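Just so you know, the protein sequences line up as chains E and C, in that order.
Just so you know, we're using full-length UniProt numbering here: the first sequence kicks off at 1 and counts up by one.
Just so you know, we're using full-length UniProt numbering here: the second sequence kicks off at 1 and counts up by one.
All C-beta atoms in this analysis are idealised placements derived from N, C-alpha and C, irrespective of residue type, glycine included.
Nothing here was measured: the structure is a model prediction, and the numbers come from that model.
Notes for the one structure printed next.
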Amino acid sequence: MRTVTRLQGLLLRPFRGTQRQVAFLATGLLIQFGVLVVMALPLIVFNAMSTGAVLLALVAGLAVAVLMEPLLTRAQHARFRTRLGVDIPSPHGGRRPRLSEWLRSPVGRRQLLYHWLYGPLLSLGALLVLLTWAVAIAAAFTYVWIWAVPPEWRLQHLGSSTWAAYLTVAGIAVLDLAAWLSGALTRLDTRVATVLLGPSRAEQLARRVEVLTESRAGLVDVVDAERRRIERDLHDGAQQRLVSLAVNLGIAKATLGDLPEDARRVIDEAHREAKEAIEELSSLVRGLHPAVLEDRGLDAALSGLAARVPVPVRVTVDLTARLSPTIESVAYFVVSEALTNVVKHAEASEGEVTVERAGTSLLVVIRDDGVGGAEPGRGTGLSGLAKRVASVDGTLAVDSPAGGPTVITVELPCVP
Amino acid sequence: MRAVIAEDSVLLRIGVVRVLEMAGFEVVAEVGDAEALLAAVEEHRPDIAVVDVRMPPGFTDEGVRAALVVKRRWPRTAVLLLSQYVEERYATDLLSANTSGIGYLLKQRVADVEEFAATVRRVAEGGTALDPQVVSQLLVRRHSGPLDRLTPREREVLELMAGGRSNAGIAEQLVVSESAVAKHINSIFAKLDLPKADADHRRVLAVLHFLGVA
């Protein structure tokens with residue numbers, strides 16, 4: 001039983017998908033035939049073989065051909081999609097370009113090549129394949145003819161059963177060949193069409209980069225919005241509660257004068273810890289997204305930042321307008337991280353932060369007079385900084401010779 | 001003394017009310033947004049309004065704007081702003097409008113109950129009180145001017161003065177004698193070319209210089 005199934009599979013394998021392939025080839029042939037008719041129309045209409053008429057017909061035909069190009073491309077895309085389930089990406093993305101633009105672009109030229117050279121050639125192939133099918137079917141069913149067709153219509157020699165047997169075997173062999181040819185031609189057509197009717201590799205990559213850039217920007221914005229949301233939640237929730245707790249403990253401390261020493265100590269301790277928790281939570285919230293940045297912009301947020309650094313830092317922000325929240329937030333964190341580094345590693349006695357617009361970018365420079373030797377990738381937080389900057393297509397340069405001074409220059413793109 | 005409180009967080013409002021009542025204030029109104037604050041001040045004419053910076057509907061700086069209105073319309077009502085974070089521009093906004101009866105503190109200072117009550121009282125009596133963090137933030141942004149002539153120690157003294165401390169308070173903070181503080185202050189007055197007037201007025205002028213408002 002299993003042997004039979006296997007044999008069946010082996011015999012039928014060449015014919016797998018044959019139906020679709022034949023339909024596909026036939027549709028292609030129809031399209032090309034339609035084109036031929038349209039191109040021949042001028043000749044038929046002018047109904048003349050004089051040189052002038054032929055020339056006119058040629059020019060008219062060419063014009064029709066060019067005008068039909070977008071339509072043809074769509075027809076071919078539909079053919080591949082419906083007959084084979086192959087989705088050739090549109091070379092223009094979602095948009096529909098103007099005709100002149102289409103013709104001038106390499107995309108347009110590639111399409112012309114398909115419609116007026118490869119397409120007809122392939123269709124010629126398709127015609128041959130279909131003819132092969134017809135012949136093969138006719139031959140393979142020789143016995144049917146012998147049985148069905150009245151004797152006087154039959155070709156004389158087909159009466160001989162030896163010939164009939166040969167023909168049947170040959171027909172079946174050619175059927176197999178036709179199936180194989182259909183497959184091969186379909187694959188060839190798909191290959192050619194993908195190259196000529198779809199976007200080229202460079203165009204695909206360009207599109208991909210576009211999509212990625214967009215989605216990354218979206219992601220960065222989403223992360224930023226999320227930080228703001230968390231900040232708000234913490235501010236409205238836990239922070240208020242903690243302050244209230246600390247206030248109550250403070251009241252307890254102030255009013256319960258006659259408590260035993262132990263109890264007083266406990267309240268004292270709780271009060272102090274509540275206050276520390278507030279401090280910690282505030283600095284956490286600031287690290288997430290400082291509310292002042294959103295409310296008042298970079299200038300205010302950066303001077304607030306500088307004020308909390310133990311090293312004296314001068315802040316100069318020269319901006320006339322607010323920037324996008326994402327850019328502001330990156331600039332803020334760059335300065336925040338850089339100042340943390342100054343405090344941790346630089347042994348600096350003073351620092352300076354300047355922020356200004358330079359054309360279409362935002363220039364952030366952080367300087368300190370410390371020991372220098374800062375390098376991205378030495379775990380000083382600089383590599384994280386670089387990543388953050390790169391996420392918005394910015395650049396980060398660190399100039400930090402041993403012995404100092406250290407200058408970190410960050411350039412962030414911002415739309416004017 | 002009579003106080004109005006504007007704070008949208010109910011928890012914190014209860015806390016502030018408790019602290020003030022404990023310190024002998026009479027809390028005549030508790031409100032949750034800037035508009036209600038103006039109405040309450042209009043109605044009660046309190047000695048002081050304790051106001052949260054971030055309030056509905058926008059949750060940005062409604063409190064500051066309301067405080068400016070209060071100081072303009074009812075100059076005898078003192079305003080103490082409470083904020084989750086310090087923003088020196090709020091302070092300069094306030095101080096350039098009016099210099100007496102103004103305070104600006106971080107919210108968590110309320111927890112230091114006795115100190116907070118003392119600050120409220122000082123502001124209600126027409127004094128100025130700035131959170132130490134506001135003051136240090138202001139220092140960062142001063143670029144040049146007569147302040148550069150001050151020694152670091154004098155700067156520290158001025159900073160504490162701006163925070164509203166008395167000579168005794170400054171002396172305690174810096175662990176020096178009161179006379180040393182007085183000497184520093186005289187030197188500050190001289191370096192800032194302040195006209196000879198009564199000490200309190202010079203003090204205010206010095207602080208204003210310091211804040212870049214004068």
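For residue j and residue i, the rounded distance between their alpha carbons
i: serine 144(C); j: valine 315(E); result: Residue placement at serine 144(C) is poorly supported in this model, since its pLDDT is 49, which falls under 50; the coordinates are not used for a value here.
i: serine 400(E); j: isoleucine 366(E); result: 11 Å
i: alanine 217(E); j: glycine 381(E); result: 23 Å
i: serine 282(E); j: isoleucine 5(C); result: 23 Å
i: alanine 49(C); j: valine 364(E); result: 40 Å
i: glutamate 125(C); j: glutamate 26(C); result: 15 Å
i: glycine 34(E); j: glutamine 111(E); result: 17 Å
i: proline 46(C); j: aspartate 268(E); result: 33 Å
i: arginine 6(E); j: threonine 186(E); result: 26 Å
i: residue 417(E); j: aspartate 8(C); result: It is not possible to answer for residue 417(E), since the shown part of chain E is limited to 1 through 416.
i: proline 89(E); j: glycine 9(E); result: 34 Å
i: glutamate 42(C); j: arginine 2(C); result: 13 Å
i: arginine 104(E); j: valine 415(E); result: 31 Å
i: glutamate 356(E); j: alanine 331(E); result: 11 Å
i: arginine 18(C); j: isoleucine 251(E); result: 8 Å
i: serine 187(C); j: valine 157(C); result: 11 Å
i: serine 44(C); j: threonine 128(C); result: What sits at residue 44(C) in the sequence shown is histidine, not serine. Roughly 22 Å between the two C-alpha positions.
i: arginine 76(C); j: isoleucine 102(C); result: 11 Å
i: glutamate 231(E); j: leucine 288(E); result: 6 Å
i: isoleucine 31(E); j: phenylalanine 15(E); result: 25 Å
i: leucine 58(E); j: isoleucine 44(E); result: 12 Å
i: phenylalanine 189(C); j: threonine 92(C); result: 21 Å
i: aspartate 112(C); j: glutamate 226(E); result: 33 Å
i: valine 79(C); j: serine 100(C); result: 9 Å
i: alanine 254(E); j: phenylalanine 116(C); result: 12 Å
i: alanine 40(C); j: methionine 55(C); result: 16 Å
i: residue 431(E); j: leucine 323(E); result: Absent from the model: residue 431(E). The displayed extent of chain E is 1 to 416, so no value can be given.
i: leucine 20(C); j: arginine 13(C); result: 11 Å
i: arginine 264(E); j: alanine 29(C); result: 33 Å
First through last residue of the beta strand (DSSP E) which encompasses residue i
i: isoleucine 102(C); result: 102-106
i: aspartate 299(E); result: First-last for aspartate 299(E): 298-308, but that is the alpha helix (DSSP H), not the beta strand (DSSP E).
i: aspartate 368(E); result: 361-368
i: proline 413(E); result: 406-413
i: serine 4(C); result: Checking the displayed sequence, the identity of residue 4(C) turns out to be valine instead of serine. From DSSP, the beta strand (DSSP E) with valine 4(C) extends over 2-6.
i: arginine 357(E); result: 351-358
i: arginine 228(E); result: Here arginine 228(E) belongs to no beta strand (DSSP E); instead the alpha helix (DSSP H) covers 201-234.
i: alanine 338(E); result: Unbroken run through alanine 338(E) is the alpha helix (DSSP H), 325-341; no beta strand (DSSP E).
i: threonine 77(C); result: Threonine 77(C) -> no beta strand (DSSP E), and no H or E assigned at all.
Residue range of the alpha helix (DSSP H) that includes residue i
i: glutamate 279(E); result: 261-288
i: glutamate 21(C); result: 10-22
i: aspartate 33(C); result: Where aspartate 33(C) is concerned, there is no enclosing alpha helix (DSSP H), given that its DSSP letter is neither H nor E.
Contact set between residue i and chain C, taken where Cβ atoms lie within less than 7 Å
i: asparagine 248(E); result: Gly15
i: glutamine 76(E); result: Chain C residues near glutamine 76(E): none, gap ~57 Å exceeds 7 Å.
Contact list for residue i against chain E, beta-carbon separation under 9 Å
i: residue 235(C); result: Since the first and last residues shown for chain C are 1 and 214, residue 235(C) lies out of range.
i: valine 19(C); result: Val247, Gly250, Ile251, Ala254
i: glutamine 173(C); result: The premise fails here: glutamine 173(C) is roughly 17 Å from chain E at the closest Cβ pair, so nothing lies under 9 Å.
Integer Cβ distance of residue i from residue j, believed to fall under 8 Å
i: threonine 142(E); j: threonine 168(E); result: 5 Å
i: threonine 326(E); j: valine 220(E); result: 6 Å
i: alanine 301(E); j: proline 290(E); result: 5 Å
i: valine 342(E); j: aspartate 368(E); result: 5 Å
i: tyrosine 104(C); j: aspartate 148(C); result: Not quite, the Cβ-Cβ distance comes to about 25 Å (not below 8 Å), so this is no contact.
i: threonine 406(E); j: glycine 372(E); result: 5 Å
i: threonine 190(E); j: valine 107(E); result: Their Cβ separation, rounded to whole angstroms, is 18 Å, which puts threonine 190(E) and valine 107(E) out of contact at 8 Å.
i: valine 285(E); j: leucine 234(E); result: 5 Å
i: valine 120(C); j: glycine 163(C); result: That pair is no contact at about 15 Å.
Cross-chain neighbours of residue i in chain E, by beta carbon under 7 Å
i: glutamate 114(C); result: Ala254
i: valine 70(C); result: Chain E residues near valine 70(C): none, gap ~20 Å exceeds 7 Å.
i: tyrosine 60(C); result: First, the amino acid is wrong: residue 60(C) is threonine here, not tyrosine. By Cβ distance, chain E contributes Asp295.
i: leucine 11(C); result: Gln240, Arg241, Ser244
i: lysine 107(C); result: Val243
Chain-ordered chain C contacts of residue i [CB-CB under 8 Å]
i: isoleucine 366(E); result: In chain order: nothing, as chain C lies at least about 14 Å away.
i: glycine 381(E); result: Residues of chain C passing the Cβ test: none, with the nearest at roughly 22 Å.
Chain-ordered chain C contacts of residue i [CB-CB under 9 Å]
i: proline 290(E); result: Tyr85
Closer than 8 Å at the beta carbon, the chain E residues around residue i
i: alanine 111(C); result: Val243, Ala246, Val247, Leu249, Gly250, His271, Ala274, Lys275, Ile278
i: lysine 191(C); result: Those within 8 Å of lysine 191(C) in chain E number zero; the least Cβ separation is about 19 Å.
task: Specify whether the stretch 125-139 of chain E and the stretch 6-25 of chain E touch according to this definition: at least 3 beta carbon pairs, one from each stretch, less than 8 Å apart.
output: yes
message: I'd like to know if the stretch 63-73 of chain C and the stretch 26-39 of chain C are in contact, where contact means that at least 3 CB-CB pairs between them fall below 8 Å.
response: yes
query: Are the stretch 306-324 of chain E and the stretch 336-356 of chain E touching by the rule of at least three beta carbon pairs closer than 8 Å?
result: yes
message: Can you confirm whether the stretch 132-150 of chain E touches the stretch 175-192 of chain E when touching is taken to mean that 3 or more C-beta pairs between the two stretches lie within less than 8 Å?
response: yes
task: Flag this pair as touching only if the stretch 78-92 of chain C and the stretch 244-260 of chain E have three or more C-beta atom pairs under 8 Å; answer yes or no.
output: With the cut-off at 8 Å, the stretch 78-92 of chain C and the stretch 244-260 of chain E do not touch.
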